[in-house]
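Have a look at the structure below before the remarks.
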Amino acid sequence: MKKAFLTSLFCVSALSACESPQQIVAQKEDHLAAAGFTLKPASTPQRIAMLKRLPAHHFVRRIHGDTVSYVYADPTVCGCLYVGDQTAYGRYQAYQQQQNIADEQQMAAQDYQDAQWNWGEWGPWGGGFGPGYGFGPGWGW
256 MKKAFLTSLF CVSALSACES PQQIVAQKED HLAAAGFTLK PASTPQRIAM
306 LKRLPAHHFV RRIHGDTVSY VYADPTVCGC LYVGDQTAYG RYQAYQQQQN
356 IADEQQMAAQ DYQDAQWNWG EWGPWGGGFG PGYGFGPGWG W
């Protein structure tokens, strides 16, 4: 059982390590497009120069009058800007939160099984106050 767990852990780690930074950015850009962001290529020398002035692979908020825009600059993969409004940014953030929750649930569902592991060596488990837990006698109170 231990061997199977370690093998699966290694495979997951190896697969995630195989993703290049370009692949990770490309996936993010797919999510931006799906959320409603518009791709604007840096197709002129002026646009290329402006693109290089923005922080790469980060959101920048622009407020112009009553209009709020979000810009994501990618000088390395597509050489472009992704531009979206508040609604597109909200959809993108909602997707990211759903993805984070799904990732956390997947990690929580992994149950460590090893007959040789002795959980008792690590002391009592659980929370609460009282003898052996938290503050109280023995802690100088």
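Heads up: the sequence shown begins at 256 in my numbering, then just goes up one per residue.
Ideal placement from N, C-alpha and C gives every residue a C-beta, glycine not left out.
Query, Result
"Span separating the alpha-carbon of Gln348 from that of Gln301", "30 Å"
"C-alpha gap between Phe345 and Gln278, whole angstroms", "Per the sequence shown, residue 345 should be read as Gly rather than Phe. Rounded to the nearest angstrom, the two C-alpha atoms are 23 Å apart."
"Residue nearest to Tyr327 in terms of C-alpha spacing, selected from Asp369, Asp358 and Asp340", "Asp340"
"Buried or exposed (CB count within 10 angstroms, at least 16 for buried), Ala343", "buried"
"For Ala320, three-class secondary structure by DSSP", "Residue identity differs from the one stated: residue 320 is Gly in this sequence, not Ala. Three-state result, Gly320: coil."
"Straight-line Cα distance separating Cys335 from Leu287", "13 Å"
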